[in-house]
Amino acid sequence: MDAWQDRSAPSLDEIAQLAEAARAALPPAFAGPAAAVVLRVEDFAPEALLVELEIDDPFELTGLYDGIPMTEKSVVDPGGPDVIWLFRRAILDEWVARGDVALDALVAHVFVHELAHHFGWSDGDIASIDRWWE
382 MDAWQDRSAP SLDEIAQLAE AARAALPPAF AGPAAAVVLR VEDFAPEALL VELEIDDPFE
442 LTGLYDGIPM TEKSVVDPGG PDVIWLFRRA ILDEWVARGD VALDALVAHV FVHELAHHFG
502 WSDGDIASID RWWE
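Residue numbering for the sequence shown follows our numbering, beginning at 382 and increasing consecutively.
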């Protein structure tokens, strides 16, 4: 039991490091476009965002893509980077609830799911090839 005395939950930076490791492991065809996406890690999604998405429980949102998918971008779109948001507390809660997946694998999964939205995939498209949640 003493081995756990000096341990704490992974920090925001540690979750970001796990996501960056997932980005670094992407196949070359995806690595270039993925490099242009900004990664942000927060404990929870902001309240205004949860209201906008009609989500009552902040633990229900582990990640979010904020941007214009590559399939919809045009030269007249406003500037500004596309952003993938990861929400640490929701990810940790999911990790504990599942109990059957390594934290780095879960963070990578959430990051890649949000990155798929950057490439223009819908949740339905992702679900058709990703059996993660079964």
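For every residue, glycine included, the Cβ atom is placed at its ideal position computed from N, Cα and C.
To which residues of the same chain is residue i closer than 6 Å at the C-beta, ignoring the five residues directly before and after it?
| i | result |
| --- | --- |
| Arg404 | Ala415 |
Who are the near neighbours of residue i in its chain, counting only those whose CB is closer than 7 Å to its CB and skipping five residues on each side?
| i | result |
| --- | --- |
| Ala390 | Leu473 |
| Asp481 | none |
| Met451 | Pro414, His499, Phe500, Gly501 |
| Glu495 | Gly444, Leu445, Tyr446, Ile465 |
Could you work out which residue in the options is closest to residue i when comparing CA atoms only?
| i | options | result |
| --- | --- | --- |
| Pro439 | His494, Ala471, Ala483 | Ala471 |
| Leu445 | Leu431, Val477, Leu399 | Leu431 |
| Phe468 | Arg479, Val491, Leu496, Leu434 | Val491 |
| Glu401 | Ala489, Leu442, Leu434 | Ala489 |
| Val493 | Glu453, Arg479, Thr443, Ile449 | Thr443 |
CA-CA distance, residue i and residue j?
| i | j | result |
| --- | --- | --- |
| His499 | Gly505 | 14 Å |
| Ser455 | Ile396 | 32 Å |
| Trp466 | Ala429 | 15 Å |
| Ile436 | Phe425 | 12 Å |
| Phe411 | Ala497 | 10 Å |
| Ala406 | Asp394 | 18 Å |
| Glu576 | Asp485 | Because the chain is modelled from 382 through 515, residue 576 falls outside the range shown and cannot be assessed. |
| Gly448 | Glu423 | 17 Å |
| Pro427 | Val477 | 22 Å |
Give the DSSP bridge partners of residue i, in chain order.
| i | result |
| --- | --- |
| Trp466 | Arg421, Leu445 |
### Segment contact, 8 Å Cβ cut-off, at least three pairs: the region 408-426 with the region 461-475
When C-beta atoms of the region 408-426 are compared with those of the region 461-475, three or more pairs fall below 8 Å, so the two segments count as touching.
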